[in-house]
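Engineer: My questions will all concern the structure given below.
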Amino acid sequence: MNTVIVGAQWGDEGKGKIIDILAREADYIVRYQGGNNAGHTVVIGKEKFILHLIPSGILHAGKVCMIGNGVVIDPQALISEIEGLKSKGIKINSNFLIDNRVHIIFPYHRVLDSLREDRKGRASIGTTRRGIGPCYADKAARIGLRLCDLFDEQSFAKRLKEILGEKNEILKKVYNFKGFGFKEVYDTYCGYSRKIKKYSSDCYRVLNQAAKDGKNVLFEGAQGTLLDIDYGTYPYVTSSSAIAGGASPGTGIGPSRIDKIIGVVKAYTTRVGEGPFPTEFSAKLMTAIQKKGEEFGATTGRSRRCGWFDSVLARYSAIINGLDEIAVTKLDVLDGLKTLNICTGYRYNNKMLMDFPSNTEILNKIEPVYEEHPGWEEDTSRILEYSRLPLNSRKYLKRIAELLETKVSIISVGSERKQTIFV
Ligand code: GDP
Ligand code: IMO
Ligand code: MG
């Protein structure tokens with residue numbers, strides 16, 4: 003069984019927790035896009051792990067975790083993540099593979115990301131400044147360097163010299179930034195590549211063999227559908243294919259081999275960074291939900307913007323991803339609210355929009371239309387069975403499933419493993 007786990011909103015839906023839970027039944031867990039802009043949290047007892055590049059299955063013994071070719075890797079971040087996990091007793095050796103086609107993030111990518119954001123000022127995207135966009139841009143422009151390109155140090159030197167020549171000119175002339183010396187970057191990256199070479203592999207081969215052998219593979223999405231480069235709220239998106247379909251080009255598994263797609267959906271909506279957000283709360287509710295839901299970025303620590311559940315957006319996401327089912331997370335955060343709103347439509351120029359608009363300007367001007375639902379008083383965080391959930395919370399979940407034309411298979415009522423209800 004090959005299953006894709008995809009974020010169905012703007013990221014931080016709780017993918018890390020759901021992947022950790024489903025990893026129990028998996029043999030392989032594979033990241034297919036993004037980089038260390040991601041922050042996936044897994045809580046085990048008193049211990050909290052935040053994974054940026056390494057798949058959230060790594061906390062289970064006996065599984066193989068992979069980074070597929072669609073990911074971009076900052077080797078410095080990867081090495082420190084590996085060391086951090088090892089220091090907590092997590093085994094990382096032959097159970098971890100990196101496809102040698104992954105594109106590598108260099109210091110000029112990180113610096114360009116920041117300089118561009120600063121230059122945009124109020125119009126900035128609010129990126130994580132990890133160099134993700136510039137690295138994917140170089141991949142598409144065919145001036146990137148992949149992990150396999152670093153292994154042949156002579157040809158790496160030649161290509162790095164050429165690339166740095168152009169990058170330094172841009173940095174100096176456009177941004178008045180001093181640029182990077184060849185020797186320092188070269189030596190540092192040769193050091194990194196020697197350190198991570200032992201993990202390098204052809205993941206497509208391992209995965210396709212696994213599929214043949216009837217193994218269970220989980221494909222771990224990062225970010226979310228509305229941050230996808232094609233289907234997200236462009237330009238306020240990330241630079242990779244975060245949708246479920248990205249799992250195929252991002253790992254080398256044919257689309258026909260994918261059996262199931264599970265969307266992770268937060269019981270409300272959040273977003274980090276800039277860009278349109280139709281159902282965003284006003285100040286009072288924002289502060290309350292941010293606090294209760296601990297809505298602070300796992301990567302940058304920025305506070306996440308919060309809002310009501312937006313079914314127009316989530317329904318669009320269900321279609322784009324071809325969701326078979328959804329995992330609804332953070333239901334417990336809504337405990338105690340007198341009433342809840344679900345956005346069921348967008349009004350624009352006195353007309354109802356039937357589809358999620360592609361134009362960001364329109365999205366900024368629409369007025370969300372809400373359906374009001376009664377809340378529940380009870381604490382759901384200790385409930386282990388669906389039938390024991392408060393009636394109004396079940397009605398809320400049922401309405402979400404109905405609007406998305408899908409079924410709810412998992413409900414999460416807390417960050418810990420045991421706070422999970424299978425429907
Ligand atoms: P990801 O990027 O999709 O993996 O999500 P993040 O880890 O960035 O953010 C989700 C946050 O919510 C983390 O702090 C999780 O520990 C936490 N979390 C996950 N599921 C639940 C839940 O059902 N209830 C509560 N209260 N917190 C949750
Ligand atoms: P996980 O996997 C939430 C957002 C940034 C910014 C935009 C572009 O934890 O859900 P980038 O650095 O990618 O160029 O930034 O995308 N963003 C995320 N938001 N969760 C994430 O990952 C994100 N990764 C990037 O805040 O708005
Ligand atoms: Mg996150």
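Numbering (my numbering), first residue to last: 3 to 425. Each residue gets a CB set at the ideal place from its N, CA and C atoms; glycine is no exception. Quantities reported herein were computed from a predicted structural model and do not represent experimental measurements.
Using only the heavy atoms of the ligand MG, determine whether one of them is closer than 7 angstroms to the beta carbon of A125.
Structural biologist: For this step, residue 125 is matched to residue 123 along the sequence shown. Incorrect: A125 has no Cβ contact closer than 7 angstroms to the ligand MG.
Engineer: Between which two residues does the beta strand (DSSP E) containing V433 stretch?
Structural biologist: A question about residue 433 goes unanswered here, because the residues of the chain that appear run from 3 up to 425.
Engineer: Nearest CA to the CA of V66: which residue from D76, N95, G41 and E296?
Structural biologist: For this step, residue 66 is matched to residue 64 along the sequence shown. The candidate whose alpha carbon is nearest that of V66 is N95.
Engineer: For L342, which three-state DSSP category applies?
Structural biologist: Within the sequence shown, residue 342 is the residue found at index 340, counting from 1. Of the three classes helix, strand and coil, the one that applies to L342 here is strand, per DSSP.
Engineer: Could you name the residues that DSSP lists as bridge partners for H375?
Structural biologist: As a first step, residue 375 must be located in the sequence shown, where it is residue number 373. Answer is L342.
Engineer: Per DSSP, V74 forms a beta bridge with which residues?
Structural biologist: As a position in the sequence shown, residue 74 is number 72, starting the count at 1. In DSSP, V74 forms a bridge with H105.
Engineer: Which residues in the same chain have their Cβ closer than 7 angstroms to the Cβ of H54, if we skip the five residues on either side of it in sequence?
Structural biologist: Position 52 of the sequence shown, counted from the first residue, corresponds to residue 54. For H54, where only same-chain residues beyond five positions count, the Cβ hits under 7 angstroms are N38, A40, G41, A79, E83 and T301.
Engineer: Which residues mark the beginning and the end of the beta strand (DSSP E) in which F153 is found?
Structural biologist: Walking along the sequence shown from the start, residue 153 turns up at place 151. Taken as a continuous stretch (DSSP letters only), F153 belongs to no beta strand (DSSP E), being part of the alpha helix (DSSP H) at L149 to F153.
Engineer: Could you tell me how far apart the beta carbons of N218 and A28 are, in whole angstroms, since I believe they sit closer than 8 angstroms?
Structural biologist: In the sequence shown, the residue the question calls residue 218 occupies position 216. In the sequence shown, the residue the question calls residue 28 occupies position 26. So it is a contact: roughly 5 angstroms between Cβ atoms.
Engineer: Is any non-hydrogen atom of the ligand GDP found closer than 7 angstroms to the C-beta of T43, if you look at the structure I gave you?
Structural biologist: One-based indexing of the sequence shown puts residue 43 at position 41. Yes, the ligand GDP has a heavy atom inside 7 angstroms of this Cβ.
Engineer: Could you give the distance in angstroms between the alpha-carbon of K50 and the alpha-carbon of L166?
Structural biologist: For the purposes of this step, residue 50 is taken as the residue at position 48 of the sequence shown. For the purposes of this step, residue 166 is taken as the residue at position 164 of the sequence shown. Spanning the two alpha carbons is a distance of roughly 39 angstroms.
Engineer: From E297, I60, D230 and N102, pick the residue whose C-alpha is nearest to that of K88; which is it?
Structural biologist: Here the question's residue 88 lines up with position 86 in the sequence shown. Considering only alpha carbons, the answer is I60.
Engineer: Tell me which same chain residues have a C-beta within less than 8 angstroms of the C-beta of P278, skipping the five on either side of it?
Structural biologist: Locating residue 278 in the sequence shown gives position 276, counting from the first residue. T235, Y238, T362, L365 and N366.
Engineer: Taking the C-alpha atoms as reference points, what is the distance between Q292 and L228?
Structural biologist: For the purposes of this step, residue 292 is taken as residue 290 along the sequence shown, with counting starting at 1. For the purposes of this step, residue 228 is taken as residue 226 along the sequence shown, with counting starting at 1. So the two alpha carbons sit approximately 20 angstroms from each other.
Engineer: Between which two residues does the beta strand (DSSP E) harbouring L229 extend?
Structural biologist: Position 227 of the sequence shown holds residue 229. Where L229 is concerned, there is no enclosing beta strand (DSSP E), given that its DSSP letter is neither H nor E.
Engineer: Return yes when at least one heavy atom of the ligand MG lies under 7 angstroms from the C-beta of G37, else no.
Structural biologist: For the purposes of this step, residue 37 is identified with residue 35 of the sequence shown, where counting begins at 1. Checking every heavy atom of the ligand MG against the Cβ of G37, none is found closer than 7 angstroms.
Engineer: Three or more C-beta pairs under 8 angstroms: does that hold for the region 406-422 against the region 331-343?
Structural biologist: Result yes; three or more Cβ-Cβ pairs closer than 8 angstroms.
Engineer: For S126, which of helix, strand or coil comes out of DSSP?
Structural biologist: Here residue 126 refers to the residue found at position 124 when the sequence shown is read from its first residue. Looking at S126 - three-state DSSP - the assignment turns out to be coil, as it is neither helix nor strand.
Engineer: Would E296 pass as a contact of V45 if the rule is Cβ separation under 8 angstroms?
Structural biologist: By 1-based counting over the sequence shown, the position of residue 296 is 294. By 1-based counting over the sequence shown, the position of residue 45 is 43. The answer is no: Cβ separation not under 8 angstroms.
Engineer: How big is the Cα-Cα spacing for C137 and L162?
Structural biologist: As a first step, residue 137 is located in the sequence shown; it is residue number 135 there, counting from the start. As a first step, residue 162 is located in the sequence shown; it is residue number 160 there, counting from the start. For C137 and L162, the distance between alpha carbons rounds to 14 angstroms.
Engineer: Taking its Cβ as the centre, do 16 or more other Cβ atoms sit within 10 Å of E15, making it buried, or is it exposed?
Structural biologist: By 1-based counting over the sequence shown, the position of residue 15 is 13. The residue is buried, with at least 16 neighbouring Cβ atoms inside 10 Å.
Engineer: Using the beta-carbon count (16 or more within 10 Å), is K409 buried or exposed?
Structural biologist: Position 407 of the sequence shown holds residue 409. By the neighbour-count rule (16 or more Cβ atoms within 10 Å), K409 is not buried but exposed.
Engineer: Distance check for S383 and L24, CA to CA, integer angstroms please.
Structural biologist: The residue given as residue 24 occupies position 22 in the sequence shown. The residue given as residue 383 occupies position 381 in the sequence shown. Distance between the alpha carbons of L24 and S383: 20 angstroms.
Engineer: Determine contact between the region 272-287 and the region 304-314, defined as no fewer than three beta-carbon pairs at a distance below 8 angstroms.
Structural biologist: Yes, since at least three Cβ pairs between the region 272-287 and the region 304-314 fall closer than 8 angstroms, the two stretches touch.
Engineer: Can you have a look at L114 and say buried or exposed, based on whether 16 or more other CB atoms are within 10 angstroms of its CB?
Structural biologist: Position 112 of the sequence shown, counted from the start, is the residue given in the question as residue 114. It counts as buried.
Engineer: Exposed or buried, which one is L209 when buried takes at least 16 other CB atoms within 10 Å?
Structural biologist: Residue 209 sits at position 207 when you count from the first residue of the sequence shown. So L209 counts as buried.
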